[in-house]
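Here's the structure we're looking at; comments come further down.
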Amino acid sequence: MTHLPPHVTPEMLTPDFWVAMSPGSAEQPRQRADVQAQILAACPPLQPLMETWPGGGTRVEPALPPSPPPTLYDGSGQPLSDAFWTTLGETIRSARAVREPAAIGTASGTAGHPAFAVCRADVRRYPIAEGGFREAGDRALDRFQDTALHTFEPVLVLYETLDRGWYFVRSRTYVGWVEQRHIALATPEQFHHWGRFTENPTGDFVIPLSNAVSTQANPFNPRVSRRPLEFAAYIPACPHNGPVGQQSPAGQERVWMPVRNADGWLEVDEAFVSATLPLSKGFRPYTRASVITSAFALLGERYGWGDAFGCHDCSSLVMDSYRTVGVQLPRDADEQEACLPNPVTFPPQLSFAERAERFFGLGLGDPLYMPGHTMLYLGFVDGHHYVLHDFAGYADGATSVPVYAVMVSTLDIRTRQNHTYLEALTTAGRLFA
Numbered sequence: 000m001t002h003l004p005p006h007v008t009p010e011m012l013t014p015d016f017w018v019a020m021s022p023g024s025a026e027q028p029r030q031r032a033d034v035q036a037q038i039l040a041a042c043p044p045l046q047p048l049m050e051t052w053p054g055g056g057t058r059v060e061p062a063l064p065p066s067p068p069p070t071l072y073d074g075s076g077q078p079l080s081d082a083f084w085t086t087l088g089e090t091i092r093s094a095r096a097v098r099e100p101a102a103i104g105t106a107s108g109t110a111g112h113p114a115f116a117v118c119r120a121d122v123r124r125y126p127i128a129e130g131g132f133r134e135a136g137d138r139a140l141d142r143f144q145d146t147a148l149h150t151f152e153p154v155l156v157l158y159e160t161l162d163r164g165w166y167f168v169r170s171r172t173y174v175g176w177v178e179q180r181h182i183a184l185a186t187p188e189q190f191h192h193w194g195r196f197t198e199n200p201t202g203d204f205v206i207p208l209s210n211a212v213s214t215q216a217n218p219f220n221p222r223v224s225r226r227p228l229e230f231a232a233y234i235p236a237c238p239h240n241g242p243v244g245q246q247s248p249a250g251q252e253r254v255w256m257p258v259r260n261a262d263g264w265l266e267v268d269e270a271f272v273s274a275t276l277p278l279s280k281g282f283r284p285y286t287r288a289s290v291i292t293s294a295f296a297l298l299g300e301r302y303g304w305g306d307a308f309g310c311h312d313c314s315s316l317v318m319d320s321y322r323t324v325g326v327q328l329p330r331d332a333d334e335q336e337a338c339l340p341n342p343v344t345f346p347p348q349l350s351f352a353e354r355a356e357r358f359f360g361l362g363l364g365d366p367l368y369m370p371g372h373t374m375l376y377l378g379f380v381d382g383h384h385y386v387l388h389d390f391a392g393y394a395d396g397a398t399s400v401p402v403y404a405v406m407v408s409t410l411d412i413r414t415r416q417n418h419t420y421l422e423a424l425t426t427a428g429r430l431f432a
């Protein structure tokens with residue numbers, strides 16, 4: 000196999016290689032609860048929406064474009080004009096606030112309207128689908144793309160544009176603009192009922208363990224036919240029996256799928272997902288092996304800044320890998336780093352040897368952080384520390400080596416500033432006992 004990063008061999012591209020080297024793979028359910036509790040306490044944006052609904056929470060205002068605006072280019076390589084930025088600002092200023100239903104009986108009216116994402120949905124910095132790129136020839140790093148919502152993820156709708164094309168939403172991990180066609184408004188009862196499968200999953204649910212999962216074809220209900228289900232989504236299981244769309248339930252997992260009806264409200268339909276596809280029934284065991292096995296399912300996936308192209312970036316790879324074992328980390332790398340339990344720090348003054356020594360307390364699947372980047376630790380082989388991460392590339396002298404994928408590398412690769420990744424590390428998290 001060619002074009003692998005330095006010191007990476009083909010056998011290192013499987014989770015089994017690293018799991019076999021890692022001691023202690025027993026499940027730690029108590030540790031999962033302790034880690035999640037520490038993250039929630041240290042990171043207020045992760046407070047479950049169910050705790051602030053109804054009527055609680057702080058209303059978040061959508062950001063306006065900076066003044067003066069940055070120099071960015073559109074998808075055809077043309078500079079974004081002053082008229083573009085002016086129109087965008089006017090669209091945001093004219094957006095209407097969306098309140099929760101009057102039936103709630105709350106006085107503040109600040110929380111927003113309950114809703115769910117009906118599919119994996121891009122979250123944009125501004126209410127516009129067109130991209131904004133720092134270089135005229137770039138098509139990969141859209142600076143207006145921030146993240147993506149998971150299928151059936153609960154949100155609070157705070158604003159809508161006058162043309163009713165976009166909602167400004169708050170999720171558990173982010174705020175931003177989402178196209179309305181991807182969001183279904185919910186009643187308070189629906190929000191409480193279906194929210195338990197996503198914010199605090201206590202019932203039966205399935206988790207896709209790759210991006211190659213979809214519902215079965217159903218010619219009798221196109222709304223749920225061949226619907227993609229993305230990696231790490233939480234999809235509630237349906238307890239009913241019998242066929243769906245005249246298909247036998249043999250060899251199928253029956254799930255509830257969210258649908259946006261013609262009026263923009265949530266409806267939920269039954270669907271089948273083949274039991275032969277990579278799925279977890281409930282959380283995967285809280286083990287180092289589970290986290291790394293989940294992450295390796297995305298090996299080779301293209302890098303997607305802000306989850307562009309239906310893919311991941313560095314921090315969403317880490318976040319979604321831990322989602323499969325029941326731990327919800329913040330979305331962005333700096334927020335993840337700030338709320339880590341049991342952090343191991345790497346002060347700038349540490350020597351190379353001192354930095355290497357601090358790895359003795361780390362294990363498989365522990366997240367590592369450096370400015371603007373995060374990785375999952377794999378282990379130490381033949382004098383090199385290895386990580387799995389989603390990254391754009393690395394420097395080889397004066398040459399920039401593109402990767403733009405989820406890939407294994409050592410921490411000896413270098414940044415554009417000619418520092419090794421080991422030298423650039425700032426923090427590591429220990430999320431297992």
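Residue numbers are given in numbering that gives the first Met the number 0: position 209 of the sequence shown equals residue 208, and the series is strictly consecutive. From the three backbone atoms N, C-alpha and C, an ideal C-beta is built for every residue, glycine too.
Using the Cα positions of residue i and residue j, report the straight-line distance between them to the nearest angstrom.
| i | j | result |
| --- | --- | --- |
| residue 253 | residue 219 | 16 angstroms |
| residue 4 | residue 15 | 19 angstroms |
| residue 284 | residue 222 | 33 angstroms |
| residue 190 | residue 356 | 48 angstroms |
| residue 294 | residue 230 | 10 angstroms |
| residue 213 | residue 192 | 24 angstroms |
| residue 290 | residue 17 | 12 angstroms |
| residue 313 | residue 61 | 25 angstroms |
| residue 256 | residue 166 | 21 angstroms |
| residue 418 | residue 35 | 33 angstroms |
| residue 122 | residue 94 | 17 angstroms |
Taking the alpha-carbon of residue i as reference, which of the options has the nearest alpha-carbon?
| i | options | result |
| --- | --- | --- |
| residue 92 | 162, 78, 9 and 113 | 162 |
| residue 10 | 423, 406 and 226 | 406 |
| residue 39 | 410, 339 and 381 | 339 |
Please classify residue i as buried or exposed, where buried requires at least 16 neighbouring CB atoms within 10 angstroms.
| i | result |
| --- | --- |
| residue 135 | exposed |
| residue 74 | exposed |
| residue 31 | buried |
| residue 344 | exposed |
| residue 80 | exposed |
| residue 369 | buried |
| residue 359 | exposed |
| residue 141 | buried |
| residue 415 | exposed |
| residue 399 | exposed |
| residue 210 | buried |
| residue 299 | exposed |
| residue 181 | buried |
| residue 183 | buried |
| residue 311 | buried |
Start and end of the beta strand (DSSP E) containing residue i?
| i | result |
| --- | --- |
| residue 12 | Premise fails: residue 12 is in no beta strand (DSSP E) and is neither H nor E. |
| residue 169 | 165 to 169 |
| residue 384 | 383 to 395 |
| residue 404 | 398 to 409 |
| residue 368 | 366 to 369 |
| residue 433 | Only positions 0 to 432 of the chain appear in this structure, which leaves residue 433 out of reach. |
| residue 145 | 144 to 148 |
| residue 158 | 153 to 159 |
Are the CB atoms of residue j and residue i within a distance shorter than 7 angstroms?
| i | j | result |
| --- | --- | --- |
| residue 88 | residue 126 | no |
| residue 146 | residue 329 | no |
| residue 325 | residue 365 | no |
| residue 208 | residue 277 | yes |
| residue 236 | residue 205 | yes |
| residue 301 | residue 393 | no |
| residue 275 | residue 317 | no |
| residue 216 | residue 224 | yes |
Provide the residue span of the alpha helix (DSSP H) that contains residue i, from first to last.
| i | result |
| --- | --- |
| residue 287 | 287 to 295 |
| residue 314 | 313 to 322 |
| residue 335 | 332 to 337 |
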